[in-house]
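Protein chains in written order, with my numbering: chain A, 1 to 130; chain E, 1001 to 1129.
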């Protein structure tokens, strides 16, 4: 039986991504990234528990370009998942589920992520110098 | 076909569809997420204050009960919440049942092992030398 000529229902690639769809996928992606971040946290704690040389190696790695990029990505994922997660808890109460509210909430989540990330890295830079 | 007709409508439906476990998963995911909100904010502030600190400063900080306990709570809530989240990801994307089951077991065991490792490290820093 031939099945290749049948009409197919539209799939992901034919849609223009609405903002809410991108943010929903990003919530899952950031959650997966944070699981990797949690492994990094355990690694860092173990290095600290191991002794000064292991901790020094870890701090050296985290201070490198790759380490700083990892930490920056972690902070973005953390703040995005936090803001988006708070929106999910708010949605769970049955509020803000209409389209205008969803768009407004999306911009608040994006803005909140950007503000928290920038503030955190400014605080790190100021604390590092002081 | 004959066998299907002999079965009652209830008998045909039982065992299909919801496993009646979704509400529990949904609820504990939310409870752990609520716990993680203050713990995450505390963690970010702690990391900022520890930025560039040497190991001695970290050990001195960990000797206080509050940071040690909060770090342990953060580890427990993080790996619990993370395992619940990864469970859904595995359920959604891995169609092969044997592979799905295998990945689920490995993921859960890894979450417990990593949490235990992290807690041990915190206790060693907090109580040890």
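Glycine included, C-beta positions come from ideal geometry on N, C-alpha and C.
Reduced DSSP category for residue i - H, G, I as helix; E, B as strand; rest coil
{"i": "residue 1094 of chain E", "result": "coil"}
{"i": "residue 15 of chain A", "result": "coil"}
{"i": "residue 1108 of chain E", "result": "helix"}
{"i": "residue 1001 of chain E", "result": "Confidence in residue 1001 of chain E is poor, its pLDDT being 49 and thus under 50, which makes the residue's placement unreliable; the coordinate value appears in the next sentence. The answer is coil: DSSP assigns residue 1001 of chain E none of H, G, I, E or B."}
{"i": "residue 1021 of chain E", "result": "coil"}
{"i": "residue 100 of chain A", "result": "helix"}
{"i": "residue 7 of chain A", "result": "coil"}
{"i": "residue 1030 of chain E", "result": "helix"}
Interface flag, residue i vs chain E, CB-CB below 8 Å
{"i": "residue 66 of chain A", "result": "no"}
{"i": "residue 118 of chain A", "result": "no"}
{"i": "residue 83 of chain A", "result": "no"}
{"i": "residue 70 of chain A", "result": "no"}
{"i": "residue 11 of chain A", "result": "no"}
{"i": "residue 40 of chain A", "result": "no"}
{"i": "residue 176 of chain A", "result": "The requested residue 176 of chain A does not occur in the structure, where chain A is confined to residues 1 to 130."}
{"i": "residue 55 of chain A", "result": "yes"}
{"i": "residue 32 of chain A", "result": "yes"}
{"i": "residue 22 of chain A", "result": "no"}
Cβ neighbours of residue i in the same chain (closer than 6 Å, five flanking residues each side left out)
{"i": "residue 1001 of chain E", "result": "Below a pLDDT of 50, predicted positions are generally treated as unreliable, and residue 1001 of chain E, at 49, falls in that range; no measurement from the model is reported."}
{"i": "residue 116 of chain A", "result": "79"}
{"i": "residue 1051 of chain E", "result": "none"}
{"i": "residue 23 of chain A", "result": "106"}
Test: residue i CB closer than 8 Å to a CB of chain A
{"i": "residue 1095 of chain E", "result": "no"}
{"i": "residue 1048 of chain E", "result": "yes"}
{"i": "residue 1001 of chain E", "result": "Caution is warranted here: a pLDDT of 49 is assigned to residue 1001 of chain E, below 50, making its placement in the model unreliable, and the coordinate value is therefore given only provisionally. For residue 1001 of chain E, the answer is no, since every Cβ of chain A falls outside 8 Å of its Cβ."}
{"i": "residue 1010 of chain E", "result": "no"}
{"i": "residue 1108 of chain E", "result": "no"}
{"i": "residue 1022 of chain E", "result": "no"}
{"i": "residue 1014 of chain E", "result": "no"}
{"i": "residue 1057 of chain E", "result": "no"}
Cβ-based neighbour list, residue i, same chain, cut-off 7 Å, excluding 5 preceding and 5 following
{"i": "residue 1071 of chain E", "result": "1122"}
The stretch 1108-1116 of chain E in contact with the stretch 1088-1096 of chain E per 3-pair CB rule at 8 Å:
Counting Cβ pairs under 8 Å, fewer than three are found: no touch.
Are three or more beta carbon pairs between the stretch 1113-1120 of chain E and the stretch 37-47 of chain A nearer than 8 Å?
As far as the Cβ criterion goes, the stretch 1113-1120 of chain E touches the stretch 37-47 of chain A, which means the pair count is three or higher.
Say whether the stretch 58-67 of chain A touches the stretch 1023-1042 of chain E, bearing in mind that this needs 3 or more beta-carbon pairs closer than 8 Å, one atom from each stretch.
Here the stretch 58-67 of chain A makes no contact with the stretch 1023-1042 of chain E; the two share fewer than three CB pairs at distances below 8 Å.
For the stretch 1027-1042 of chain E against the stretch 87-103 of chain A, are there 3 or more C-beta pairs whose distance is under 8 Å?
Taking a cut-off of 8 Å on C-beta distances, the stretch 1027-1042 of chain E touches the stretch 87-103 of chain A, as three or more cross pairs fall below it.
Can you find at least 3 beta carbon pairs, one from the stretch 1039-1046 of chain E and one from the stretch 1066-1086 of chain E, that sit closer than 8 Å?
Result yes; three or more Cβ-Cβ pairs closer than 8 Å.
Does the count of Cβ pairs from the stretch 1042-1049 of chain E and the stretch 117-125 of chain A closer than 8 Å reach three?
Yes, the stretch 1042-1049 of chain E touches the stretch 117-125 of chain A.
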